[in-house]
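Residue 63 in the UniProt record's numbering sits at position 63 of the sequence shown, and the numbers go up by one each step. Backbone N, C-alpha and C fix where the C-beta goes; we use that ideal spot for every residue, glycine too. Worksheet for the structure shown next.
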Amino acid sequence: MITCTFENRGKASLRHVVVHAIVEKDGTLLLVKRAGPILETGKWSLPSGFMDRDETAGEAIIREILEETGWQCEVISLFRINTNPNRPKEDRQNISIEFICKPIKKIGDPDKENSQVEWIAFEKLLPVDEFAFDHGESVRLYLNHKKSPVSLPIFT
């Protein structure tokens, strides 16, 4: 949570905004394995991160994918907006904006925030509850959407 002090000196706890990427190529998803000392170390997650000041959500996800994976991508569509205040495994109550992105080309090396970057086939994905945070739920929703398309974005 972010503590914000208003003009009248009142204070409130506000929620962080994060972006998540679902990057698919030939029946595989681009995933990262989180490295210490960050939360959920050793677990797989979608490329993701906090929005920086003065950037749009679309700019943030393109930056995060490149930083975490070395892949240049383009945003295809908005997939999901998750505002659930009871998200598992964290107390920050992040609001996530999730995008479907298309890989263009690998142009760099990943940062040290992750120990592995892999394209993992749909049939070899981990169970939902073994992903970091609630990223497994996003993967499940995406795979369901691939089988039976729903109107996007999904709001939760």
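Contact between the stretch 120-128 and the stretch 24-33 is defined here as three or more beta-carbon pairs at a separation below 8 Å; is this criterion met? As far as the Cβ criterion goes, the stretch 120-128 touches the stretch 24-33, which means the pair count is three or higher.
Per-residue burial, residue 151 [other beta carbons within 10 Å of its own, 16 or more giving buried]: By the 16-neighbour rule on beta-carbons within 10 angstroms, residue 151 is exposed.
Roughly how many angstroms lie between the CA atoms of residue 221 and residue 154, to the nearest whole one? Lying outside 1 to 156, the shown extent of the chain, residue 221 is not represented and no answer is given.
Going by DSSP, what residue range makes up the alpha helix (DSSP H) through residue 63? Per DSSP, the continuous alpha helix (DSSP H) segment holding residue 63 begins and ends at 57-69.
When you compare only the Cα positions, how much space is there between residue 57 and residue 81? Inter-residue distance for residue 57 and residue 81 is about 11 Å (C-alpha atoms, whole angstroms).
From residue 116 to residue 10, what does the alpha carbon distance come to, in whole angstroms? Between residue 116 and residue 10, the C-alpha separation is close to 44 Å.
Could you compute how far the alpha carbon of residue 60 sits from the alpha carbon of residue 8? Between residue 60 and residue 8, the C-alpha separation is close to 32 Å.
Extent of the continuous beta strand (DSSP E) run through residue 53: Taken as a continuous stretch (DSSP letters only), residue 53 belongs to no beta strand (DSSP E), as it is neither H nor E.
For a minimum of 4 consecutive residues, which ranges assigned as the alpha helix (DSSP H) are wholly contained in the stretch 71-153? Counting only runs of 4 or more, we get 135-147.
What would DSSP say about residue 22, mapped onto helix, strand or coil? Of the three classes helix, strand and coil, the one that applies to residue 22 here is strand, per DSSP.
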